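Enquirer: Following this message is one structure expressed as structure tokens.
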């Protein structure tokens, strides 16, 4: 009989540097949930620590990098740039969309400069 508790759902993963640690962002598309974990010690599988579980982010397409203060940048399905602030645990729209968001995504190399966390109204 098949085991219904074993799920092979698609998980998208993104490695990046976050506050000086190797971080892994795992996205479970069916639930629109992101898991953000950091590696405590290189080569020690058991040293992964789950920092945050960010749920209900159905507008987010994928992570694209992190700022120096630990802000994680995401591209939305509408090609807008948003930021998850680890301090406040809130998502902030950065007001960059379309081609500019694609350009930011293309130049990110594991980190981006700190960006002001202001919502564009």
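Numbering (my numbering), first residue to last: 8 to 128. The C-beta atom is built at its ideal place from N, Cα and C for all residues, glycine as well. Owing to the predicted nature of the structure, the values given are computational and were not obtained by experimental measurement.
1) Does DSSP put residue 53 in a helix, in a strand, or in coil?
2) Can you tell me which of the three DSSP states residue 64 falls into?
3) For a test of the three-state rule: what should DSSP assign to residue 75, helix, strand or coil?
4) If you follow the beta strand (DSSP E) that residue 88 is in, where does it begin and where does it stop?
5) Identify, in the order they occur along the chain, each residue of the same chain with its Cβ nearer than 7 Å to the Cβ of residue 27, setting aside the five sequence neighbours on each side.
6) Output the boundary residues of the beta strand (DSSP E) element that contains residue 46.
7) If you follow the beta strand (DSSP E) that residue 31 is in, where does it begin and where does it stop?
8) Below 8 Å, can you find three or more Cβ-Cβ pairs linking the segment 35–49 to the segment 59–78?
9) Out of curiosity, what's the CA-to-CA distance linking residue 82 and residue 70?
Expert: In brief:
1) By one-based count along the chain shown, residue 53 stands at place 46. In the structure shown, residue 53 sits in a helix (DSSP, three-state: H, G or I).
2) Locating residue 64 in the chain shown gives position 57, counting from the first residue. In the structure shown, residue 64 sits in coil (DSSP, three-state: anything other than H, G, I, E or B).
3) As a first step, residue 75 must be located in the chain shown, where it is residue number 68. DSSP places residue 75 outside both helix and strand once states are collapsed to three, so it counts as coil.
4) The residue given as residue 88 occupies position 81 in the chain shown. Counting along the chain, residue 88 sits inside the beta strand (DSSP E) bounded by residues 87–92.
5) As a working mapping, residue 27 is identified with position 20 in the chain shown. Around residue 27: no qualifying Cβ.
6) Looking up residue 46 in the chain shown gives position 39. Going by DSSP, residue 46 is part of the beta strand (DSSP E) stretching over 40–46.
7) Counted from its first residue, the chain shown places residue 31 at position 24. In this chain, the beta strand (DSSP E) harbouring residue 31 covers 28–35.
8) The segment 35–49 is in contact with the segment 59–78.
9) By 1-based counting over the chain shown, the position of residue 82 is 75. By 1-based counting over the chain shown, the position of residue 70 is 63. Taking the CA atoms as reference points, residue 82 sits about 6 Å from residue 70.
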